[in-house]
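Notes follow once the structure below has been shown.
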Amino acid sequence: MTSGSDSVETSTVNESAIAVLENVLQERWRLNNEHTSGLLNYCIDESTFRNCVLPVIHRKLLRSPETAVLVVDVILKQLVLNFDECGVEFTQPLANNLLSTSPIVRASSVSSIVSLVKHCTDPNVVSAIYNLVLSKLTGPEGRRVPMDVKLAILDTLGNLSLHNADNSTVFPDVLKSLIDIFTSEGKSIKLLSFNVTLSLLVDLNEDIIESVLIQLGMWIKRPKCVLPEKAQATIRDKLFAAKTSHRVKMAIFRCIEEVLRSGGKLSKTYIPLLATMAQGAKTEVPTSPLVSQAVAAASLWLMNVSQPGKAPECMWAVLSGLKADGKPANEKESLPMWLSDRFLLTASSDVHSYLVNCIHLLLTNHPNELSRHQRSVFYRSLILVWLYTESVNVVSDIRCCLLLHLAREGKQTRTLGQALIEDHLNALVQESLIKTASGTPDLLVSASANVARFGQRLVRLVETICRGASASSSQVSNPSIGGSRLAASSINLPKLEALSSRQRTSLFSAALYALSHPASVAHINSAWLNLIRILNLPQHADVEPTFTEDESAPVFEKVVDTLVKLPKLDVAHRLMLQRLLQWAPVKAGSCLARKLHSDLLKPEYLDVTLDEVGIMLTPPGLLHNQALLASLPRYQMNKTNVKRESKLYSHEIEMEILEAQAAKKRQKQTTADGEQSFLESIAPQLTVKQLELVKAEMEKEEVIRLRIAKLYAVGSHKMDLLTILHDTLLRCSNVEGIQLAFLQRNSFALCDLTTRLLACPLLSPLAIGAHSRLARLIAEVAMRASVVDRTELCRKAFLFAAWSIRILGPARVCLEEKPPVASFCQTSSVDEQSVRAENAAWNAFSRIGDIKDQTELVLESLLSDLPSATVSSALLISAAVPMFIRILHNNTLFTSVENEEKKWADVYIFSKFIAALKKQVAFHDSVGKSSESYESVCASLQFQRIYEFSLDLIDEIGQALESSLVGEDSGLSASICELLQSTTQLHTEYFLHILESGHTQKDSLLVACTPTIYTLLERLVSFTPLTRATAMTVSLLRTE
């Protein structure tokens, strides 16, 4: 009973499996890899498949091969069976479909046969299948087979090398059959293949020969498939025959390369012939096929003779196409032929692969033979080919080469990766932004023309170099160099130590430029954030500090120096700087602020006069000094005036000189638009001496114009950096505390910088945008706690910024009649259009309301929107003090200002500002000295400016009262005294607290107190008794 029930059960299962196959083959069911595969392998064994399934498949292949063969391919990939018993029978209908006119059917048949042979372990079965496929080259009944069918059949023969049988039994007959086809030269051949005699007529052409060699190479890759001497001799004769075409020779090179890469060896007779071929194209043009053959021959020659540490004889004679001279690597004329753009543009991907292999072998086995310049040329060429080539295999080879040599050289130094990026990749990225398509061949222009691929390759290259440069051990593992054909398994990689925080930061800063290229951004905008994770850096360098200020400062200073030395920022440098400031706004931003403060406050910028700026703006060929022309009396050039001007010549000589000058003027060419030049237009009105005087003045102005224009170009670039710094910090509000931390370090210096630049005629139009962003940043940070509405906060911050610029009064403003455009252009914040738009926006705001009304609005914000005893409030009130000092000296109603129109500031204005100051300094009783905010707030108050403003104001009030300019001060004097008393008390307590705590800043604090002491001493001898008394009181308070 049990046996019978088992039989019934098995029969039922088989019927179910057949039913599944029937439905699958009729496409009633869609195959599911997860479920159908398990069901088929559970229900079907080798016997069931041969007896039940195979007939079903045969019927379907005969009736509707177009649909059945597609499904059979999927089924064979899912089944886990051994097909030794039925493999030949199963292959027959599939081999017949190789002759199908449908490309889809042929491709599925090829795939099915390959999947089938993978399940065969019997060499005889594999041989029979190979023989069956080989016989299809002739076609049924001796008919000729189309070329695409022949290539499909040959492709099947090559893929049959994926079998699981013993290669040593199968390969000899495979080799004989392929060699016979290779040498048949279109004649009918008889093949004794696997004990079966075949008569084939193969019409040979380059396609067939190339395919045969490719299939032979696939078989050679397999273990135990060694190319014997006789076959090597046959291939050698074909390779070095003069009548062999270039395409066939390159196919032979690929086949020989597979022999060497699979561990085989070439006959010694190849070596001198390869060396001769490598040297045979020295006089050829780079586009000649002989040059490509020379590169391939050199690669194979080097694979044969190269040994670690031992340079082959005449190595550079054979590799002369790679030998670089001593000129810079970026000069095309200095590049060797095999690395020239003209050659690489026309060479195939296989030639690129041979070239990479040569460079890899030289870097690996003969590093001592390579000069620094030679290495530089090699690395630049590898990067260029990476960016240009379409071949994935070539990219894999270069990736392997770079990773291995980064790991190898990392044993001595970990700077190779950074050098690759800084010296080569970044230079090419910058060059790609400048270059445009031209008539001369250019590899970089061709590479960047494909924007999508160029961006992808840039990102992958940066990640590859950074991964290799930051590897902490010799784990440049197989997955990291997968897909490469370079021999890497024999290289013993050293153990590497992890990069320090400083090294990782330096590598990140160097790599950021390439990832900011527009093509990289278009490919993946967040690539720079991925790089942070690759290098194991914190997401925000200031929020999660993993390195000290001493470690990061040299890195950021180097980046800043590089940016400052540029003539101008391109779009990639601009985005790079913005991203660096987003990542490390305090550390990197402080370095940039210190550098710009030091450079822009040099006398060469501040001492430029308005007349010199006018000369710079005057077009060449015109005279700026119109006063000189106005001072010259207008003459008519006649005999009387010539005689009056010079008594040294006789009348006849003077007339000859006059006629010669007139003839010379007539011969002068007019300008491009047909109009006369400036000198030609005024020449008839001036005498010779007057004209010479004008010419001398114009020459003098030309010298000034060139000097100031050069100075402006450098200064405008630095102003661009300053504007980007302020603009980026203004947009960094998403990270809590970052803006305030930056302002604590740099606000005093930057406010002083922009204030003085606004008074500089040369750079004041550019300083408007920089100062506006800085003032908005300070105001937004200070008012953020009180003003919740974002729109209102931005409005008040913009009001404070525009008002402060109006008070300071820029020395020069660039306006235009056209409506302004967006103020911060993507390309540059200092180009003419952006500067005019920024200036126009500020000028439009200045015309909206009266200066007094705007001042009262600002005072209202300072009183109501600033919390007391906070660092941000102290910074804003300190930034406002210089504005009110300017108002006091220029716009006060009770001062001796000559221009009555400028007098608008009354006692009420100053009383409100004094109240705002008292709110910020009268907190010493409510905040303990031990709290962190106490020191921070006191350090953020500019006590010297407060003393200066208060004493100047009380001095002006005293003089006004004595001269009866005001009847009473409405308690302003008393408020000032209270302010000075609170300020002195707070300042003195802070000073003593610093001294008692042994703070590291106490020396600088002592120096900072010196100006305050001098200010008080000066006021002790003031003309007004009120000022002297107040200064004495403050001095006594400080002394106590």
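All residue numbers for the sequence shown refer to the UniProt record's numbering, where the first residue is 1 and numbers rise by one.
The beta carbon of each residue, even a glycine, is placed where N, CA and C say it ideally should be.
All figures in this text were calculated on a predicted structure; none of them were measured in a lab.
- State the DSSP-derived secondary structure class of Leu382, mapped to helix, strand or coil. helix
- Cβ atoms of Phe800 and Ala840: under 7 angstroms apart, would you say? no
- Item | Contacting residues, own chain, Cβ-Cβ under 6 angstroms from Tyr130 (five flanking each side not counted) | Leu160
- Query: With Ala593 and Cys751 assumed to form a contact (beta carbons below 8 angstroms), what rounded beta-carbon distance in angstroms separates them?
  - Reply: The Cβ separation is near 11 angstroms, so there is no contact.
- Can Trp528 and Arg467 be called in contact, C-beta distance under 7 angstroms? No, they are not a contact pair.
- Between the Cα of Ala107 and those of Asp73, Gln92, Val608, Phe240, spot the shortest distance and give me the residue it belongs to. Asp73
- Message: For Val429, which residues in the same chain have their Cβ closer than 8 angstroms to its Cβ, ignoring the five residues on either side in sequence?
- Response: Leu458, Tyr513, Ala514, His517, Ala572
- Query: Roughly how many whole angstroms lie between the Cα atoms of Ile434 and Gln293?
  - Reply: 34 angstroms
- Query: What's the call for Ala709, buried or exposed, on a 16-neighbour Cβ count within 10 Å?
  - Reply: exposed
- Task: In angstroms with no decimal places, state the Cα-to-Cα distance between Val117 and Val125.
- Result: 9 angstroms
- If you draw a straight line from the C-alpha of Thr1033 to the C-alpha of Asp570, how long is it? Roughly 58 angstroms separates the two Cα atoms.
- Taking Cβ to Cβ, would you say Gly158 is nearer than 7 angstroms to Cys120? no
- Task: Output the distance between the C-alpha atoms of Glu66 and Val105, rounded to the nearest integer angstrom.
- Result: 6 angstroms
- Message: Which same chain residues end up closer than 6 angstroms to Asp906 when comparing Cβ atoms and leaving out the 5 residues on each side of it in sequence?
- Response: The residues are Leu893.
- Task: Classify Leu721 as buried or exposed, calling it buried when 16 or more other Cβ atoms lie within 10 Å of its own Cβ.
- Result: By the 10 Å Cβ count, Leu721 comes out buried.
- Can you name the start and end residues of the alpha helix (DSSP H) that Ser172 belongs to? One point to set straight first is that residue 172 is Pro, not Ser, in the sequence displayed. First-last of the alpha helix (DSSP H) with Pro172: 167-183.
- DSSP state of Glu34, grouped into three classes? Its pLDDT being 48, under 50, Glu34 is placed unreliably by the model, and nothing is read from it.
- Grouping DSSP H, G and I as helix and E and B as strand, with all else coil, what is residue 1042? It is not possible to answer for residue 1042, since the shown part of the chain is limited to 1 through 1040.
- Candidates Glu780, Trp803, Gln944: closest to Glu792 by CA position: Glu780
- With 16 as the cutoff for other CB atoms within 10 Å, does Cys938 come out buried or exposed? buried
- Query: What are the start and end residues of the alpha helix (DSSP H) that includes residue 1104?
  - Reply: One cannot answer for residue 1104 here, as it falls past the ends of the chain, which runs 1 to 1040.
- Can you check DSSP and say which residues form a bridge with Ala905? Thr892
- Task: Go through its chain and collect everything with a Cβ distance to Ser982's Cβ below 8 angstroms, but skip five positions before and after it.
- Result: So the qualifying residues of the chain are Lys918, Val921, Ala922, His924.
- Query: Nearest CA to the CA of Ile235: which residue from His405, Ile778, Ile181?
  - Reply: Ile181
- Query: First and last residue of the alpha helix (DSSP H) that includes Ile848?
  - Reply: Counting along the chain, Ile848 falls outside any alpha helix (DSSP H), and DSSP gives it neither H nor E.
- Local conformation of Ile954 per DSSP, three classes: helix
- Message: I'd like the list of long-range same chain contacts for Ser1035, defined as Cβ closer than 6 angstroms, with 5 residues on each side in sequence excluded.
- Response: Leu1016
- Message: Does the structure place the segment 498-514 close enough to the segment 549-560 that three or more beta carbon pairs sit under 8 angstroms?
- Response: yes
- Item | DSSP beta-bridge partners of Lys310 | BP columns for Lys310 point to Gln307.
- Given a cut-off of 7 angstroms, decide if Ala782 and Leu876 are closer than it, judged by their beta-carbon atoms. yes
- Message: Going by DSSP, what residue range makes up the alpha helix (DSSP H) through Trp316?
- Response: 315-318
- Item | Cβ neighbours of Lys216 in the same chain (closer than 6 angstroms, five flanking residues each side left out) | Note on identity: in this sequence residue 216 is Leu, with Lys being the wrong assignment. Same-chain partners within the cutoff: Leu178, Cys255.
- Query: Between the Cα of Leu137 and the Cα atoms of Ala128, Ser127, Lys150, which residue gives the shortest distance?
  - Reply: Lys150
- Query: Since Tyr505 is in the alpha helix (DSSP H), which residue starts that stretch and which ends it?
  - Reply: In the sequence on display, residue 505 carries Thr and not Tyr. Per DSSP, Thr505 belongs to the alpha helix (DSSP H) from 501-515.
- Message: Which of the three DSSP states is assigned to Ser484 in this structure?
- Response: Here Ser484 carries a coil assignment [DSSP, helix/strand/coil].
- Alpha carbon to alpha carbon, what distance is there between Ile954 and Ala960? 10 angstroms
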